[in-house]
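**Student:**
There are 2 protein chains.
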Amino acid sequence: MKLSQNFVKTAKQVGHEEVAKNAQLLIRGGFLDKGMAGIYSYLPMGIRVISKIKNIVNDEMLNLGSQEILMSSIQNKEIWEKTDRWSDENVDIWFKSKLKNGADIGLAWSHEEPITQMVKSHISSYKDLPVYVHQFQNKMRNEIRAKSGIMRCREFIMKDMYSYSEDENQHMEFYNKVIDVYNKIYSKLGIGDITYVTSASGGVFTDKFSHEFQTICDAGEDNIYVHNDGKIALNEEIFDDETLLKMGFKKEEFTKQKTAEVGNIFTFGVGKCEELDLFFIDQNSNKKGVYLGSYGIGISRLMGVIVEIFSDEKGIVWPENIAPYKYVIIPIGNKGISKSEEIYDSMLKKGIEVVLDDRKESPGFKLKDADLIGYPYQIVVSDKTMENSENVVELIKRSSGEKLLLDWTTIN
Amino acid sequence: MKLSQNFVKTAKQVGHEEVAKNAQLLIRGGFLDKGMAGIYSYLPMGIRVISKIKNIVNDEMLNLGSQEILMSSIQNKEIWEKTDRWSDENVDIWFKSKLKNGADIGLAWSHEEPITQMVKSHISSYKDLPVYVHQFQNKMRNEIRAKSGIMRCREFIMKDMYSYSEDENQHMEFYNKVIDVYNKIYSKLGIGDITYVTSASGGVFTDKFSHEFQTICDAGEDNIYVHNDGKIALNEEIFDDETLLKMGFKKEEFTKQKTAEVGNIFTFGVGKCEELDLFFIDQNSNKKGVYLGSYGIGISRLMGVIVEIFSDEKGIVWPENIAPYKYVIIPIGNKGISKSEEIYDSMLKKGIEVVLDDRKESPGFKLKDADLIGYPYQIVVSDKTMENSENVVELIKRSSGEKLLLDWTTIN
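Line order of the protein sequences matches chains A and B.
Residue numbering for the first sequence follows our numbering, beginning at 1 and increasing consecutively.
Residue numbering for the second sequence follows our numbering, beginning at 1001 and increasing consecutively.
1. Under a CB-based cut-off of 8 Å, is LEU25/A close to chain B?
2. Would you mind telling me which residues of chain A sit closer than 7 Å to ASN1122/B, beta carbon to beta carbon, in chain order?
3. Compare the beta carbon distance of SER72/A and GLU1155/B with 8 Å and say whether it is the shorter of the two.
4. Return yes when the Cβ of GLN1024/B is within less than 8 Å of the Cβ of VAL1008/B, no when it is not.
5. When we look at the beta-carbon of LEU70/A and count the other beta-carbons within 10 Å, is it buried (16 or more) or exposed?
6. Quick check on this structure: which residue in SER187/A, VAL393/A, GLY298/A and GLY269/A has the alpha carbon closest to the alpha carbon of GLU320/A?
7. For the alpha helix (DSSP H) that LEU372/A lies in, which residues bound it at each end?
8. Let's test the definition: count the other Cβ atoms within 10 Å of the Cβ of ILE1332/B and tell me whether it reaches 16, buried, or not, exposed.
9. Indicate the three-state DSSP secondary structure (helix, strand or coil) for PRO1114/B in the structure shown.
10. Does chain B have any CB closer than 8 Å to the CB of ILE232/A?
11. Can ILE330/A and ASP357/A be called in contact, C-beta distance under 8 Å?
12. To the nearest angstrom, report how far apart LEU372/A and ARG28/A are at their CA atoms.
13. Helix, strand or coil: which one does DSSP assign to LYS1314/B?
14. State the DSSP-derived secondary structure class of ALA1345/B, mapped to helix, strand or coil.
15. Would DSSP call GLY1035/B helix, strand or coil?
16. Suppose you measure from the CA of THR1255/B to the CA of GLY1106/B; what does that come to, to the nearest Å?
17. Roughly how many angstroms lie between the CA atoms of SER1338/B and LYS1054/B, to the nearest whole one?
18. From GLN5/A to PHE1279/B, what distance separates their C-alpha atoms?
19. Look up ILE329/A in the DSSP assignment and say whether it is helix, strand or coil.
20. Counting only C-beta atoms, is SER165/A closer than 8 Å to chain B at any point?
21. Measuring only between beta-carbons, confirm whether GLY1203/B sits less than 8 Å from chain A.
22. Out of curiosity, what's the CA-to-CA distance linking MET1140/B and ASN1334/B?
23. Ignoring anything shorter than 3 residues, give me the beta strand (DSSP E) runs that lie fully in the stretch 152-225 of chain A, in order along the chain.
24. Considering only the alpha carbon of each residue, which of GLU78/A, HIS134/A and MET151/A lies closest to VAL19/A?
25. If we call anything under 8 Å between Cβ atoms a contact, is TYR291/A one with HIS211/A?
26. Under a CB-based cut-off of 8 Å, is VAL57/A close to chain B?
27. Which residues in chain B have a C-beta closer than 7 Å to the C-beta of ASP33/A? List them in chain order.
28. Could you work out which residues of chain B lie near VAL131/A, taking near to mean beta carbons separated by less than 7 Å?
29. Who are the near neighbours of LYS1021/B in its chain, counting only those whose CB is closer than 8 Å to its CB and skipping five residues on each side?
30. Using beta carbons (cut-off 8 Å, strictly below), is PRO1044/B in contact with chain A?
31. Could you give the distance in angstroms between the alpha-carbon of ASP1193/B and the alpha-carbon of TYR1182/B?
32. Which residues of the stretch 307-339 of chain A have a Cβ closer than 9 Å to any Cβ of chain B? Give them in chain order.
33. Applying a beta-carbon distance threshold of less than 7 Å, which residues of chain B neighbour GLU155/A?
34. Which two residues bound the contiguous beta strand (DSSP E) that contains SER300/A?
35. Helix, strand or coil for VAL119/A per DSSP?
36. Could you tell me the boundaries of the beta strand (DSSP E) in which LYS1258/B lies?
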């Protein structure tokens, strides 16, 4: 894209009511627009980042054998009543509305119940199991407070996956695979080394248990205790003498860290499917409840966490895998401008993700904007860089500030 | 995909409350799941069709110079009050809810107001215009009746585009381009020759005018009058003596046709932007209201219309461009099964969109299923087809029933 064609303008400041660093930077950089507290819209650069995170996650879900679906946001009260999750006392984040005939509807904050209802038409025998489905869907949650930017929104994009298995064995095989795959995803997103799997509640031997994926992040809302060997971490709720004794650890071997949850996985056991009347006939012709698991990754939340972690006083520093574009070309002077067009066209033809900053602004403005937006590499083209050879440009690495003169035809 | 890996099962029948042919076929074929009246979810085959329609539309929007964004579903009451479209008397399809603090919110049925609010940060001078943005977004509309399957839903996927221009000239240039591009889209979707642009209300010389794109379809909710020369059509509302006199036509030169609306485009003039306080400074330093247009295509509705048109007593007959997969391979007998695996692997490697029906079902069942799902081509592999040469298969064209023996290595 040529930036002169981009309708979005970056901003020096945002309204003082926006207190979260991630939202401040994303609004200033032109990735997001704020509708109201906890409600954001995605501008073109923001969509690109979201799409890249989605694609990384989707590829791994498909590799796991999951199939993509898309459930509605409008949900049926009756289904949620069956599992006693309709009332505001039990679930206090519902947005609810009414059809013209007065019937109550809910707006999706999760999908265990509707997806279980949907798969009922497709599961009757052990031969039909396991079933894995996932979606990228807008969730709406009526949060009391929404001050963490896109780390906790009233409307957000989530990947949720659901597994339907014959029994605990079949379930656990998949559940453990998901842990590995989630870790792989966080590595691809550049946060692998600061993300921990933590057992969230209960033990693995109870019917309902869960794990969280927690990333070290100052803006996070959680705390975990990381063992000094750097491999094990415990959630705050279970960091007690009893757990430590069971595991053979001492309190002083752990360091408390502020973290943001970037994923969670749940085991529901057979209870929920039984409540929703989803049974199957096993190999011995016995009727049994289906074993349910659910697996979430907040896509927009991840974008927020990544910005909190990968940013400095100048702006965002995107990991290459999810940067909106890898390169920005910044021309200086007339010779720089015509050369830049040539470089831009050639890079586009090679399929490289590049923008050309052809706006009528000063080089200083453009460099500052590039720092704010956080392209991994800036390519400066000027009389000075072309002094000795007309193919020489200056490549500035956003993360380190490192500068390098090189032949632009070698960039890929 | 190997169909043994697909969790979705086709169905012989659907509940009698589903009266629309498009939804009946799409549910039976395993594309859709019905949550409640007017609320559907998309299963894997359904997602594929939706994605293909989206991609065709998105490519053309990007070619027009529009940028993709994604607005929130949750909307601010205050913005809609400014244009007097919040009250249920003026807009009778709102779904509304409340934040925890009691503040009213609306669920997106359209986006003119919020998008105009959003672009205010980015438009101040004539140099910033025109601006074109579009999105693929879930719209929610509280319809009283919802009996047309996915042709009229309470929640549906829509492409909506918005244009912000300096004046009527700049606006009309784009508006007319959109008409051409919409026609191109309908041609790509296989309904070009039965889709008409109709002037919907007012004339082109009033401030507010609009056009509709109407496709001849028995299940449609509209009527148009098509001129015998096949090039001009008029909406029912403006098919009167006055209009005919102006245009120099006679009533008897027109034939009434039942149609479904597959797109609409609106000119708002400067009124809405003025109400929302979006002005710009023109070349002569005068403050002016921005000229607004909006351009919709119902993506899920199109899928429904296409199924209504391209289907027969056996099932759906997808146009090639948007079929979930182009080919299904149906093996018969042991030799057919092993050969099919070879053909499937080879076609996948070539990047051909193909499924292998490796389910433990009879060939008759699989052929019926293939007819129902509507793959454009069925490839039958059996002892019989391989009689003379082991590379010979039978290719059945879904639309005509035509059968052809040919060497599978020539298929692409």
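We put the beta carbon where it would ideally sit given N, CA and C, even for glycine.
None of the values given here were measured: they were computed from a predicted structure.
**Tutor:** Put simply:
1. no
2. The sequence shown places His at residue 1122/B, rather than the Asn named in the question. Per Cβ cutoff of 7 Å: PHE7, VAL8 and LYS9.
3. yes
4. no
5. buried
6. SER187/A
7. 363-373
8. buried
9. helix
10. no
11. yes
12. 8 Å
13. coil
14. Just to set this straight, residue 1345/B is Asp in the shown sequence, not Ala. ASP1345/B falls in the helix class under three-state DSSP.
15. strand
16. 42 Å
17. 36 Å
18. 20 Å
19. strand
20. no
21. Residue placement at GLY1203/B cannot be trusted, given a pLDDT of 46 that sits under 50; the coordinates are not used to answer.
22. 50 Å
23. 155-165, 195-201 and 209-216
24. MET151/A
25. no
26. no
27. MET1118
28. PHE1007
29. GLY1149, ALA1219, VAL1307, GLU1308 and SER1311
30. yes
31. 13 Å
32. none
33. SER1072, SER1073 and ILE1074
34. Unbroken run through SER300/A is the alpha helix (DSSP H), 299-309; no beta strand (DSSP E).
35. helix
36. 1254-1269
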